[in-house]
Amino acid sequence: MAIKGITIILYEKFEAGKDDFGKSIYEEVPVEVENVLVSPTSLTDVIDQLNLHGKKVIYTLAIPKNDSHDWKNVKVEFFGEIWKTFGFPTEGIAELIPLEWNKKVMVERYG
8 MAIKGITIIL
18 YEKFEAGKDD
28 FGKSIYEEVP
38 VEVENVLVSP
48 TSLTDVIDQL
58 NLHGKKVIYT
68 LAIPKNDSHD
78 WKNVKVEFFG
88 EIWKTFGFPT
98 EGIAELIPLE
108 WNKKVMVERY
118 G
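In our numbering, the protein residues as written are 8 to 118.
Written out as C-alpha coordinates, the structure reads:
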(Lines of atoms letter the chains of each structure in order from A; the text may use other names.)
(Lines give C-alpha, C1' and ligand atoms only; values in the text may rest on other atoms or scores of the structure.)
Protein backbone atom coordinates (compact mmCIF):
# COMPACT_ATOMS: atom_id res chain seq x y z
CA MET A 8 0.00 0.00 0.00
CA ALA A 9 1.44 3.36 -1.03
CA ILE A 10 1.24 6.46 1.13
CA LYS A 11 -1.04 9.09 -0.39
CA GLY A 12 -1.87 12.55 0.94
CA ILE A 13 -5.08 14.52 0.65
CA THR A 14 -6.01 17.54 -1.45
CA ILE A 15 -6.09 20.75 0.55
CA ILE A 16 -6.97 24.30 -0.42
CA LEU A 17 -4.23 26.89 -0.09
CA TYR A 18 -5.28 30.54 -0.15
CA GLU A 19 -2.55 32.29 -2.13
CA LYS A 20 -2.17 36.03 -1.69
CA PHE A 21 -1.86 38.26 -4.77
CA GLU A 22 -1.39 42.01 -4.81
CA ALA A 23 -4.62 43.49 -6.19
CA GLY A 24 -3.63 47.14 -6.07
CA LYS A 25 -2.79 49.97 -3.69
CA ASP A 26 -4.93 51.95 -1.28
CA ASP A 27 -5.01 55.76 -1.08
CA PHE A 28 -1.91 55.71 1.13
CA GLY A 29 0.12 53.54 -1.25
CA LYS A 30 -0.16 50.41 0.86
CA SER A 31 -0.66 47.13 -1.00
CA ILE A 32 -4.10 45.52 -1.05
CA TYR A 33 -4.11 41.73 -1.31
CA GLU A 34 -6.67 39.22 -2.51
CA GLU A 35 -6.74 35.55 -1.60
CA VAL A 36 -7.24 33.02 -4.36
CA PRO A 37 -8.00 29.39 -3.47
CA VAL A 38 -5.69 26.82 -5.08
CA GLU A 39 -5.94 23.04 -4.70
CA VAL A 40 -2.73 21.32 -3.65
CA GLU A 41 -2.77 17.54 -4.00
CA ASN A 42 -0.96 14.85 -2.05
CA VAL A 43 -0.40 16.78 1.19
CA LEU A 44 0.14 14.65 4.29
CA VAL A 45 -1.58 15.86 7.46
CA SER A 46 -0.39 14.59 10.82
CA PRO A 47 -1.19 15.57 14.38
CA THR A 48 1.65 17.51 15.96
CA SER A 49 3.49 15.90 18.85
CA LEU A 50 2.87 17.18 22.36
CA THR A 51 6.50 18.33 22.60
CA ASP A 52 6.16 20.46 19.46
CA VAL A 53 2.87 21.92 20.73
CA ILE A 54 4.48 22.98 24.02
CA ASP A 55 7.64 24.29 22.33
CA GLN A 56 5.73 26.43 19.82
CA LEU A 57 3.33 27.70 22.48
CA ASN A 58 6.26 28.77 24.64
CA LEU A 59 8.25 30.31 21.75
CA HIS A 60 5.54 31.93 19.64
CA GLY A 61 2.32 31.84 21.64
CA LYS A 62 0.78 29.66 18.93
CA LYS A 63 -0.91 26.34 19.53
CA VAL A 64 0.13 23.95 16.79
CA ILE A 65 -2.48 21.37 15.89
CA TYR A 66 -1.22 19.71 12.70
CA THR A 67 1.93 19.47 10.64
CA LEU A 68 1.61 19.40 6.85
CA ALA A 69 4.09 17.53 4.64
CA ILE A 70 4.32 19.25 1.26
CA PRO A 71 5.17 17.36 -1.98
CA LYS A 72 8.63 17.84 -3.50
CA ASN A 73 7.35 19.42 -6.72
CA ASP A 74 5.33 22.14 -4.96
CA SER A 75 6.39 25.78 -5.48
CA HIS A 76 3.71 27.63 -3.48
CA ASP A 77 4.53 30.08 -0.70
CA TRP A 78 3.50 28.43 2.60
CA LYS A 79 4.49 31.25 4.98
CA ASN A 80 1.59 32.60 7.05
CA VAL A 81 -1.24 31.63 4.69
CA LYS A 82 -4.70 30.17 5.22
CA VAL A 83 -5.30 26.55 4.29
CA GLU A 84 -8.45 24.46 4.33
CA PHE A 85 -8.78 20.76 5.08
CA PHE A 86 -11.06 18.53 7.15
CA GLY A 87 -13.79 21.14 6.56
CA GLU A 88 -11.95 23.74 8.67
CA ILE A 89 -9.79 26.82 8.01
CA TRP A 90 -6.25 26.77 9.42
CA LYS A 91 -3.29 29.13 9.20
CA THR A 92 0.31 28.17 8.66
CA PHE A 93 2.93 29.96 10.68
CA GLY A 94 6.66 30.25 10.69
CA PHE A 95 8.89 29.19 7.88
CA PRO A 96 8.46 25.80 6.23
CA THR A 97 11.35 23.46 6.86
CA GLU A 98 12.75 21.83 3.75
CA GLY A 99 15.07 18.89 3.20
CA ILE A 100 17.21 18.13 0.17
CA ALA A 101 14.78 16.45 -2.22
CA GLU A 102 17.33 14.01 -3.68
CA LEU A 103 18.21 12.71 -0.20
CA ILE A 104 14.65 12.06 0.92
CA PRO A 105 13.18 8.76 -0.32
CA LEU A 106 9.47 9.60 -0.29
CA GLU A 107 7.43 12.24 -2.16
CA TRP A 108 7.55 15.01 0.49
CA ASN A 109 10.47 17.24 1.47
CA LYS A 110 8.86 20.26 3.19
CA LYS A 111 6.79 20.59 6.30
CA VAL A 112 4.90 23.45 7.88
CA MET A 113 2.86 23.73 11.06
CA VAL A 114 -0.72 24.98 11.24
CA GLU A 115 -2.86 26.49 13.96
CA ARG A 116 -6.65 26.83 14.15
CA TYR A 117 -7.83 29.98 12.38
CA GLY A 118 -10.85 32.02 13.42
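Even glycine gets a Cβ: it sits at the ideal position worked out from N, Cα and C.
Three or more Cβ pairs drawn from the stretch 36-47 and the stretch 67-86 lie within less than 8 Å of each other, which places the two stretches in contact. DSSP places Lys110 inside the beta strand (DSSP E), whose first and last residues are 108-116.
Linking Gly99 to Glu88 through their CA atoms gives a straight-line distance of about 28 Å.
Sequence-distant Cβ neighbours of Tyr117 in its own chain, meaning closer than 7 Å and more than five residues away, are Lys82, Ile89, Trp90, Lys91. Relative to the Cα of Ala101, the nearest Cα in the group Lys111, Phe95, Gly94 belongs to Lys111.
In the three-state scheme derived from DSSP, where H, G and I count as helix and E and B as strand, Ala23 is classed as strand.
The beta carbon of Tyr33 sits closer than 7 Å to those of Lys20, Phe21, Glu22, Ala23, all from its chain and outside the five residues before and after it, given in chain order.
Phe86 and Ile15 have their C-alpha atoms roughly 9 Å apart. Secondary structure of Ala9 (DSSP, three-state): coil.
As the crow flies, the alpha-carbon of Trp78 is around 8 Å from that of Phe95.
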